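Residue numbers (my numbering): 82 to 720.
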């Protein structure tokens with residue numbers, strides 16, 4: 082009977098305070114706890130419950146406070162690089178209460194499973210009979226789903242778990258709206274040109290919302306605003322755009338109006354508007370004439386590129402890496418020139434090529450093949466019936482913003498009259514003509530190459546006098562040098578490994594400008610794919626800029642909160658028990674009502690769970706008495 086470990090409900094004298102207790106208190110300090118209901122602020126409710134647990138401690142009891150939304154604070158990195166636990170049980174009640182008062186709201190999500198593992202490790206050192214774990218949380222779905230992602234189970238044998246979900250009207254969903262995610266539609270960023278964003282806004286409530294205001298900010302200036310209606314629990318996509326006035330790193334965010342939880346009303350994104358690109362233009366005077374005019378003068382007659390012109394014979398002496406883009410208008414080129422161009426593109430450079438009848442045919446074929454383009458053939462078309470565009474990939478980034486989204490398929494692009502073409506095929510066909518590609522693209526590592534199948538003069542076509550000619554050149558000068566990882570977003574609290582283009586592989590360290598405009602340096606690990614920056618301390622939301630030691634911005638990224646924190650509904654007691662059993666092996670679990678007298682609830686559970694210990698003691702005592710009686714009886718018989 083004793084070893085069946087029986088329990089009873091109710092309070093018996095002596096048992097409630099007989100055994101000394103070791104307790105680990107797991108406090109959920111994720112930002113979803115920072116809302117208020119009929120009982121006040123939920124985080125304050127949780128802290129008061131933890132205080133009541135501490136006040137139930139008797140002489141000899143010991144405890145530890147664990148904040149499960151920032152578990153990294155409970156460990157240190159050893160000199161060998163491993164994590165070491167820095168939290169231990171203590172009988173100092175004043176210290177425990179002070180530790181509790183010092184816990185603040187974290188931007189991270191709660192990590193219940195790792196918190197339980199840490200609590201188990203802390204309790205292993207205890208010799209007390211009673212071992213207890215208290216979990217004080219709002220019991221959001223994400224508290225459990227993160228734990229359920231790992232199929233392993235925690236062994237908490239001989240440990241009682243007290244689960245205390247806080248909040249008034251737990252079964253009712255709190256009205257809350259959130260900016261769940263952002264998709265940066267634009268990929269070519271130019272001063273004065275619109276930047277388009279797709280935002281996903283969610284109504285985390287059971288009621289409609291009308292006229293919810295959404296604002297977009299660039300460098301703390303409101304640049305656009307829209308309003309939207311949402312059905313209950315609906316997530317809606319909405320597009321918003323605005324032009325940029327500044328050059329350099331743009332710190333941007335979307336924000337909706339205040340509600341129950343303010344910390345999820347803002348979501349950050351960032352990008353870089355580059356300075357005027359530096360372009361190396363290689364070719365003779367005939368082939369560079371129209372290119373120079375198109376790049377040096379936009380419609381506003383304002384220069385759009387800083388151009389340096391070189392003769393083809395000087396190509397071997399050009400330091401390609403000092404330019405954002407290289408344009409080959411005409412040759413002749415040498416085999417070694419193609420090899421150097423490939424190396425330049427691989428390290429993140431942009432290359433624009435035109436059909437080149439002046440370079441030796443075999444040298445050109447082999448060189449283009451080295452750059453990833455296959456020779457299709459030379460084509461000649463009738464002067465009475467010249468070739469024209471058959472198909473245009475209007476969704477390519479080169480045409481971004483040139484068409485209205487609704488009418489994109491109906492709108493046409495002006496085609497030149499094409500009389501000759503030297504056709505090479507890249508990985509992606511952008512514009513098709515009879516016989517192959519007029520414009521195609523290939524990518525090598527971090528760099529991009531565009532190839533036009535005609536020359537930039539009138540020798541092959543009327544391309545130089547079409548409106549498409551300056552438009553494509555202008556956009557190419559921003560598209561080709563661009564680094565495609567602008568706008569990456571990471572979850573707060575997660576370690577980051579950020580890969581920069583291989584053109585910066587020679588840099589040993591980079592400067593990081595954080596959202597508070599504080600600078601710090603990070604040593605880079607140089608790999609063949611580029612420089613890798615590793616960041617561990619990512620507990621700050623906002624936009625970060627990566628700069629060279631010379632203060633040149635080369636990339637940006639953003640850190641945002643977990644959207645799952647925005648769903649402010651608590652799991653039922655039945656679901657809590659079901660989920661806990663899925664990642665804790667045979668748990669001794671009690672769910673306690675936060676509105677009840679916590680100390681009485683604990684005492685009642687302790688009485689039941691300690692009853693088996695009494696039966697063990699009684700069984701041993703009965704066996705001892707039986708042995709004594711048998712011994713005395715035997716002695717009397719012998720006498």
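Every residue, glycine too, gets a C-beta built ideally from N, C-alpha and C.
Because the structure is a prediction, the values reported are computed rather than measured.
Residue j and residue i - do their beta-carbons sit closer together than 7 Å?
i, j, result
"residue 449", "residue 561", "no"
"residue 336", "residue 397", "no"
"residue 467", "residue 504", "no"
"residue 228", "residue 194", "yes"
"residue 663", "residue 686", "no"
"residue 353", "residue 330", "yes"
"residue 188", "residue 124", "no"
"residue 262", "residue 433", "no"
"residue 627", "residue 635", "yes"
"residue 316", "residue 283", "yes"
"residue 191", "residue 145", "no"
"residue 308", "residue 364", "no"
"residue 361", "residue 404", "yes"
"residue 251", "residue 651", "yes"
"residue 216", "residue 110", "no"
"residue 127", "residue 249", "no"
Between the options, which has its C-alpha nearest residue i's C-alpha?
i, options, result
"residue 621", "151, 325, 605, 437", "151"
"residue 510", "497, 501, 532, 496", "532"
"residue 502", "198, 627, 470", "470"
"residue 457", "440, 475, 436, 232", "436"
"residue 332", "704, 638, 390, 659", "638"
"residue 601", "438, 497, 630", "630"
"residue 156", "403, 200, 709, 666", "200"
"residue 210", "262, 103, 475", "103"
"residue 387", "255, 559, 569, 124", "559"
"residue 551", "616, 376, 276, 404", "376"
"residue 258", "307, 301, 313", "313"
"residue 231", "660, 682, 703", "660"
"residue 615", "122, 280, 593", "593"
"residue 618", "700, 641, 576", "576"
"residue 476", "465, 494, 463", "494"
"residue 142", "109, 403, 212", "212"
"residue 439", "710, 584, 367, 389", "367"
"residue 462", "540, 415, 419", "540"
"residue 243", "701, 709, 682, 702", "682"
"residue 549", "520, 101, 572", "520"
"residue 478", "179, 276, 573", "276"
Near residue i, what residues of its chain come up, given a Cβ to Cβ distance below 8 Å and the 5 sequence neighbours on each side ignored?
i, result
"residue 679", "130, 133, 134, 137, 245, 673"
"residue 525", "423, 426, 427, 452, 453"
"residue 590", "602, 603, 604, 605, 630"
"residue 339", "346"
"residue 272", "325, 326, 327, 328, 354"
"residue 516", "457, 458, 460, 468, 502, 504"
"residue 311", "258, 282, 283, 284, 289, 290, 293, 317"
"residue 207", "103, 143, 170"
Taking 6 Å as the limit between beta carbons, can you name the residues of its chain near residue i, skipping five residues before and five after?
i, result
"residue 623", "349, 596"
"residue 582", "429, 527, 564, 611"
"residue 474", "511"
"residue 394", "none"
"residue 513", "471, 472"
"residue 306", "296"
Apply the 10 Å Cβ neighbour rule to residue i and answer buried if 16 or more other Cβ atoms are within range, or exposed otherwise.
i, result
"residue 241", "buried"
"residue 706", "exposed"
"residue 522", "buried"
"residue 535", "buried"
"residue 688", "buried"
"residue 642", "buried"
"residue 483", "exposed"
"residue 270", "buried"
"residue 400", "exposed"
"residue 709", "exposed"
"residue 351", "buried"
State yes or no: is the beta carbon of residue i nearer than 7 Å to at least one beta carbon in chain C?
i, result
"residue 121", "No chain C appears in the structure shown, which is made up of a single protein chain."
CB-CB under 7 Å to residue i, same chain, minus the five flanking residues each way: which ones, in chain order?
i, result
"residue 196", "107, 147, 149, 152"
"residue 497", "542, 543, 544, 547"
"residue 288", "256, 313"
"residue 442", "none"
"residue 116", "123, 255, 341, 342, 649"
When the Cβ atoms of the region 265-275 are set against those of the region 231-238, are three or more pairs found closer than 8 Å?
no
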